[in-house]
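Worksheet: the structure to be examined is printed underneath.
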Amino acid sequence: MVIDAQVEPSPNVDVSHDNARTNDKCSINRTVKTLDIQGILWQCGLREICIAALWLPLGALIFCYVTASVFQADDIHETHCRVYNVVPSISAITGISPQRYVWRICIAFHLGPRLLIGSIYYNYHKLRNLHITEDKARLEATQLGEACYWLNLVELCALTGVTYVSNRENYFVHEKIFIVFMVAALFHMLCRARVGCIASDAVEPVRTNKLVWILFYVSIAATVGLVVFFLRHRLLCRPLAFTWFSVCEYILATANMAFHAIVVRDLPLHEVHVVSPPHLKTN
1 MVIDAQVEPS PNVDVSHDNA RTNDKCSINR TVKTLDIQGI LWQCGLREIC IAALWLPLGA
61 LIFCYVTASV FQADDIHETH CRVYNVVPSI SAITGISPQR YVWRICIAFH LGPRLLIGSI
121 YYNYHKLRNL HITEDKARLE ATQLGEACYW LNLVELCALT GVTYVSNREN YFVHEKIFIV
181 FMVAALFHML CRARVGCIAS DAVEPVRTNK LVWILFYVSI AATVGLVVFF LRHRLLCRPL
241 AFTWFSVCEY ILATANMAFH AIVVRDLPLH EVHVVSPPHL KTN
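At position 65 of the sequence shown (counting the first as 1) the number is 65 in full-length UniProt numbering, and the numbers step up by one without a gap.
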């Protein structure tokens, strides 16, 4: 009688054929199909992107103003001269906690669309300039289009700086960056308004050109009032001077937001697409 545990397999049994058959099945089952992804992978209307870029800072500004006025009125109405004040400044309502974090997050998320809009307008003006036949006018339009692009970058950098360096943390740096922002924003509006009407007898002017001129004049008036009331508050400590300074600041901010949102009227039906090339080679 033989015990099963002591039975050894015969050395003459050939298992190589079975192993080969198993490996063939595994290789067949492990075949991975390569996907050829082509066409539009993502699309979004330019109008929706611009509206989102507008509502991020505008919504954050409204939130900061309402919550700061309700819960932290003493902090936001405190001024340099300690005189009577009604309307707080943008720096005051976005420089306290937790409003500063909401403001900074919204500004950070809206920078990407703003860069995209600036690049779109740069190419938009380049295409318009191709139809200008006069060499002098075409050169001037090209230079103004490039100036718009670079002024937009300076404006965005200054906006980022004035957002993340609050007046409570470093007033000197905050003030200087705010001045750079105002100057860049005004010159940006001026260049955009000017480039949109060059050679209007040869090519159709930009649709929103009149609106840009209106916003530019409103911004100039608000800037003049802002400087005058700031000096009256800083040097003379007049009551309500800082209130009128803040009103001019809100007007300037609103005009700037409207200026960057009017692309929805110039390019109302355009879309942003992410497209895979038809013959894409990957490593």
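Note that CB positions come from ideal geometry on N, CA and C, so glycine has one too.
Residue j beta carbon less than 8 Å from that of residue i
i	j	result
P113	A53	yes
A199	I132	yes
I107	L151	no
residue 354	L226	Here the chain covers residues 1 to 283 and nothing more, so residue 354 does not appear.
A60	V102	yes
H174	T79	no
F229	F245	yes
I220	L267	no
L156	L116	no
V162	F181	yes
V206	A255	no
R128	V203	yes
I96	Q72	yes
T89	S166	The amino acid occupying residue 89 in the given sequence is Ser; Thr does not appear at that position. Not a contact, by the Cβ cut-off of 8 Å.
residue 285	V183	The chain is shown only over 1 to 283; residue 285 falls outside these bounds and no answer can be derived.
I76	I93	yes
C197	L144	no
F109	L153	no
Residues sharing a beta bridge with residue i, DSSP
i	result
G118	Answer by DSSP bridge pairing: none, since G118 is not bridged.
V274	W42
For residue i, the first and last residue of its enclosing beta strand (DSSP E)
i	result
C44	39-45
Element boundaries [alpha helix (DSSP H), containing residue i]
i	result
I251	241-261
L151	135-164
G196	Segment: none, G196 is in no alpha helix (DSSP H) and carries neither H nor E.
N170	It is not in any alpha helix (DSSP H) - N170 carries neither H nor E in the DSSP assignment.
L226	209-231
8 Å Cβ cutoff, residue i in contact with chain C
i	result
P277	You won't find chain C in this structure, because it holds only one protein chain.
Three or more C-beta pairs below 8 Å linking the stretch 43-53 and the stretch 258-267:
yes
Should the stretch 71-88 be regarded as contacting the stretch 121-130, the criterion being three or more beta carbon pairs within less than 8 Å?
These segments do not touch.
Pairing CB atoms from the stretch 39-47 with CB atoms from the stretch 270-278, are three or more of them under 8 Å?
yes
Do the stretch 214-228 and the stretch 61-70 make contact, defined as three or more Cβ pairs closer than 8 Å?
no
What are the uninterrupted segments assigned as alpha helix (DSSP H) that are 4 or more residues long and contained completely in the stretch 61-108, given in chain order?
73-76, 90-93
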